[in-house]
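To start, the structure itself, in structure tokens.
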Amino acid sequence: MALLNRFRGLVLSPSLLQRVNYRNASTETKSVTEEIYGTMADTDQDEVMLEREAIIEVKRDKSRLNPEHRNMLHKRLPYDEPKNEFHLTLTHKKRMFGRYGRSPNLDLDLGHLWPTEEEIAAKLEYDRIANPYGVLELAARERAKIDEKAKAIDERQKKIVENMKKLERWKADVKQRASKKLADVQAAQAKKEALIEEVRRHFGFKIDPKDERFKEVLQQKEKALKKKAKEEKAKLRQEKLIAEMTKKSES
Numbered sequence: 000m001a002l003l004n005r006f007r008g009l010v011l012s013p014s015l016l017q018r019v020n021y022r023n024a025s026t027e028t029k030s031v032t033e034e035i036y037g038t039m040a041d042t043d044q045d046e047v048m049l050e051r052e053a054i055i056e057v058k059r060d061k062s063r064l065n066p067e068h069r070n071m072l073h074k075r076l077p078y079d080e081p082k083n084e085f086h087l088t089l090t091h092k093k094r095m096f097g098r099y100g101r102s103p104n105l106d107l108d109l110g111h112l113w114p115t116e117e118e119i120a121a122k123l124e125y126d127r128i129a130n131p132y133g134v135l136e137l138a139a140r141e142r143a144k145i146d147e148k149a150k151a152i153d154e155r156q157k158k159i160v161e162n163m164k165k166l167e168r169w170k171a172d173v174k175q176r177a178s179k180k181l182a183d184v185q186a187a188q189a190k191k192e193a194l195i196e197e198v199r200r201h202f203g204f205k206i207d208p209k210d211e212r213f214k215e216v217l218q219q220k221e222k223a224l225k226k227k228a229k230e231e232k233a234k235l236r237q238e239k240l241i242a243e244m245t246k247k248s249e250s
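Here the sequence shown stands for residues 0 to 250, numbered as in numbering that gives the first Met the number 0.
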């Protein structure tokens with residue numbers, strides 16, 4: 000307390016006061032300068048951070064898509080500004096609003112989203128021509144289609160069941176035809192061998208089947224057999240015809 004009273008009673012010289020005021024002014028100027036440069040430094044730092052974030056975002060994008068396509072991928076309005084006259088039309092703006100919703104870059108009065116009387120009339124006329132049937136008639140037509148389809152399925156299933164019943168008979172017919180064909184082949188082969196043996200007996204000695212004499216006699220024998228078979232077939236046909244005529248005359 001005594002020390003404080005001593006300072007209160009102290010009278011400072013003008014030079015000392017000048018030096019004290021100069022120091023205070025320098026301190027205030029320095030603080031203001033530091034504050035200004037600190038604010039500028041903060042601003043520059045923010046700009047550097049924003050630029051850095053932009054560079055990182057560009058490097059992060061590996062899709063290599065155009066900005067418009069990238070915006071569409073992220074459900075955003077493709078263009079920040081109209082690119083052609085079509086982008087200024089109301090139809091395009093309505094379409095963009097329907098796909099991407101509100102956007103600051105989309106200049107559209109929401110009142111224009113409601114259709115005009117002419118558009119409503121045109122839509123009603125289109126529906127009348129494109130869909131001439133009423134709800135009940137459409138339901139009846141669909142029901143008829145379903146019934147027709149179910150009927151076709153039933154008929155096909157019945158046909159499959161009938162064919163399965165005939166399967167055993169078809170298998171027996173196939174086996175019979177195969178057996179008959181095999182028997183015909185074997186008979187023809189046996190007939191051929193018998194004819195060759197007959198030709199060999201004709202010469203009275205062993206002869207090579209490739210010999211021209213053997214081939215000539217074999218050909219004559221084959222012609223004779225074909226002629227005989229043809230005559231027998233004609234005879235059978237004649238006998239059958241006579242039998243039919245006799246039966247008709249008796250009746």
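All C-beta atoms, glycine included, are put in the ideal place defined by N, C-alpha and C.
With 16 or more other CB atoms across the displayed protein chains lying within 10 angstroms of its CB, Val198 is buried.
Looking at the backbone, the Cα of Asp146 and that of Leu123 are separated by about 32 Å. In the displayed model, Lys234 falls within a helix according to three-state DSSP. Beyond the five residues adjoining it in sequence on each side, Arg75 comes within less than 8 Å, by CB distance, of Tyr99 and Ser102 in the same chain, given in chain order. Under the Cβ criterion (8 Å, minimum of three pairs), the region 76–85 counts as touching the region 101–118. The beta strand (DSSP E) runs of length 3 or more contained entirely in the region 63–118 do not exist; there are none.
Note that the C-beta distance between Val216 and Phe202 is below 9 Å. Look at Asp210 here: in three-state DSSP terms it is coil, with no helix or strand label. Take Lys82, set aside five residues on each side of it, and no residue of its chain has a beta-carbon closer than 6 Å to its own. When DSSP states are grouped into helix, strand and coil, Asp183 belongs to the helix group.
DSSP, reduced to helix, strand and coil, places Asp126 within a helical segment of the structure shown. Lys61 sits in coil when the DSSP states are folded into three classes, being neither helix nor strand.
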